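Right, one structure below, let's go through it.
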Amino acid sequence: MVKALKDSWNSRMGVILAVSGSAVGLGNFLRFPGQVAQYGGGSFMIAYFISFLLIGLPICWAEWTMGRYGGQRGFHTTVGIFHSILRHPAGKYLGIIGIIIPVIIYMYYVLIEAWCLGYAVNFLAGNMNFERSEDAGAFFASFTGVAADGAGMGFSGISQVGLFLLFCFLLNFYLIFRGIAKGIEWFCRYAMPTLVILAFVVLIRVLTLGTPDTDHPQQSISAGLGFMWNPSKVLLVEDSVAEGGEVVTTSTPIFGGDYIAEQTARAEHDASVRIEKLSLWDQLANPQLWLAAAGQIFFSLSVGFGVIMTYSSYMSNQDDVVLSGLAATSANEFCEVALGGLITIPASVAFLGVLGISGALGSTFALGFNVLPMVFAEMPLGQFFGFIFFFLLFLAAVTSSLSMLQPGIAFLETAMHINRKQSVAILGFITGVGCLIIFYFSKDFKALDTFDFWVGTFLIFVLATIQIVFFSWVMGIDRGFEEAHKGAHFRIPRIFGFIMKYVTPAFLLVIFTLWLAQNLFGYNLIARRAESSSYYNDLFGSDPNPVAWISVSVILMLAGFVALIVNSSSHYRKQSHAAQIEDSRGGILK
């Protein structure tokens, strides 16, 4: 067998912290609370946990197992790992997706990482004491350059994102240059405990806020917890007449037995007020809820990225990939639900109310960058706690962005037979160009949104489906479990054999089909009618968007570059031959 890369983890705890760091990122503290707020709290949580059991955990175990299997044969990316499992040239070409995804996502993720650092510094400088939502929105627009292309490209001070982006970009490549143990593992060993401690500090402050304004009893921490966890909802529906004579109806979830009884009595005497109950089953019947829950699992756990397969490829047969995978996913779920959700949702409801946070959700990260600064502005010592919160976001973002660079580094070094300096230079140039494109085309975040749609969502679905099919049907459940249980102190429950072979692929295909119907072809799943899809129109409509085409062209050029290297590299042919000799002597695929 050809000798694998010398880079490796120093300890089991190191790899668990690194994989946890890969998963624990902006999705935990910003995207997850936003999804919870948008899709009704408790019902989303149920769909989320079901998706975790049927998609997240099975794919995670599959990735850990296939990653270590490929690593033992000298492969450290999806290109080689798929090639070693499928034993057909198609495997390595399918694996190209696992290089494209993390590299492209890094290009815009590091920009959002810079936003977090910039917000932390501005909180520390006392520049974030907003009194109105318009002020918070204006700062965000000026800082990010969302109003016009090139508007955010400033390097003159902390009120512009340029200096923060440069620092974050250089920090990531300095750490990745140091390698697996001295770079990624070293940083995650300190960053992960630090961000958890900081999160606990903010969480304790949030949970002790009570009811900030006694004149608004529904704006309280208990109401926020009720919104997040109650699967069914009691709605206060009120009709009012606007200036133009139109009747405007608002629907607000209400909590607390006494308050519900008070509003019920009010409804009996006021025809413009009524109480409605929204059952759990009515909410779970919404297909968009399941699409959002499944999408959050992908985004949060880093499954379908190719990152976990790369990380686990540096592990030996004596390492417990089953327990390590469970520990990493558990750490992520704890940070997401117990820290991210319990900080953001209750605090936002306490100061803004349920309608306030729902009305502010204009984009994926609106809750974090538009709503939370207003929350901290109202909170005692808000500038200090705002700094802590956004600094922990920055740490979480770095642990994730580092993981996105490692597959590209490993691919370049193995496929092109180059050293770390050369691989860092090449990948730095590629990601630097892509990041500058996203940085410049900042108007309405069109470039960022296009990259995220086609790579951060579409290709992740594709790769996750390929991964579970390779593990369950190509490698086979029995052989896959045999490989997974090498060095294992904890065995995968047998029920997951059935889930991984039949339920997970079927669930993925249904979710992916519904997602395509809605987001690409414009079919409204609730209204059951076809509507115009902005992503389709940006490319193929009557008035194509040039920024969208530039973004897609970058993706295609990167795919072509990687495919060219794969096609010309002798590494995979040599390693494939060595793996076949090993397997003929008693390897797993015998």
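Everything in the sequence shown is counted per this note's numbering, starting at 28 for the first residue and increasing by one. All C-beta atoms in this analysis are idealised placements derived from N, C-alpha and C, irrespective of residue type, glycine included. Given the structure is predicted, the values throughout are model-derived calculations rather than measurements.
Note on geometry: alpha-carbon atoms of F497 and R114 lie some 11 angstroms from one another. With respect to the 8 angstroms criterion, A208 and W36 are classified as neighbours on the basis of their beta carbons. Close CB contacts of G83 within its chain, under the 7 angstroms cut and outside five residues either way in sequence, are with I324, L328, V330 and T356 (chain order). If you ignore the 5 residues before and after G206, its C-beta comes within less than 8 angstroms of the C-beta of D34 and R447, all in its own chain and listed in chain order.
For the pair M93 and I77, the CB atoms are not nearer than the 8 angstroms cut-off. Within the model, the alpha-carbon separation for N199 versus G524 is close to 38 angstroms. Contact annotation: T477 and V130 have beta-carbon atoms that are not nearer than 8 angstroms. No residue range can be given for V330, since it is assigned to no beta strand (DSSP E) and is classified by DSSP as neither H nor E. For P571, the three-state secondary structure derived from DSSP is coil. Residue burial is scored here from C-beta neighbours: L591 has fewer than 16 other C-beta atoms within 10 angstroms and is therefore classed as exposed.
Contact between I465 and L138 holds, since their C-beta atoms are separated by about 6 angstroms, short of 8 angstroms.
Fewer than three Cβ pairs drawn from the segment 481-491 and the segment 181-196 lie within less than 8 angstroms of each other, which leaves the two stretches out of contact. One alpha carbon belongs to F456, the other to I577, and they sit about 17 angstroms apart. Excluding the 5 residues flanking it on each side, S559 has same chain C-beta neighbours closer than 6 angstroms at G549, in chain order.
G179 and L420 have their C-alpha atoms spaced approximately 21 angstroms apart.
With distances taken between CA atoms, I127 lies nearest to I487 out of F204, I43 and I487. Counting C-beta atoms within 10 angstroms of its own C-beta, I231 has fewer than 16 neighbours from the protein chains shown and is therefore classed as exposed.
Non-local beta-carbon contacts of P85 in its own chain, meaning distances under 7 angstroms to residues more than five positions away in sequence, involve I495, F523, I526, M527 and T531 in chain order. With 16 or more other Cβ atoms from the protein chains shown falling within 10 Å of its own Cβ, T441 counts as buried. Assigned with DSSP and collapsed to three states, Y341 falls in coil, not helix or strand. The alpha helix (DSSP H) runs of length 4 or more contained entirely in the segment 168-215 are, from start to end of the chain, 189-204. If you check the CB distance, T426 and M219 come in under 8 angstroms.
With fewer than 16 other CB atoms across the displayed protein chains lying within 10 angstroms of its CB, M584 is exposed. In this structure, G483 lies near I132, with their beta-carbon atoms less than 8 angstroms apart. When Q65, Y96 and A320 are compared, the shortest CA-CA separation from F254 is found for Q65. With a beta-carbon spacing of about 35 angstroms, V381 and F468 fall beyond the 8 angstroms limit used to define contacts. In this structure G97 is buried. Its beta-carbon is surrounded by 16 or more other beta-carbon atoms within 10 angstroms. In this structure, the alpha-carbon of P373 lies about 9 angstroms from that of L236. When C-beta atoms of the segment 40-54 are compared with those of the segment 292-310, fewer than three pairs fall below 8 angstroms, so the two segments do not count as touching. In the DSSP assignment, A491 is bridged to no other residue.
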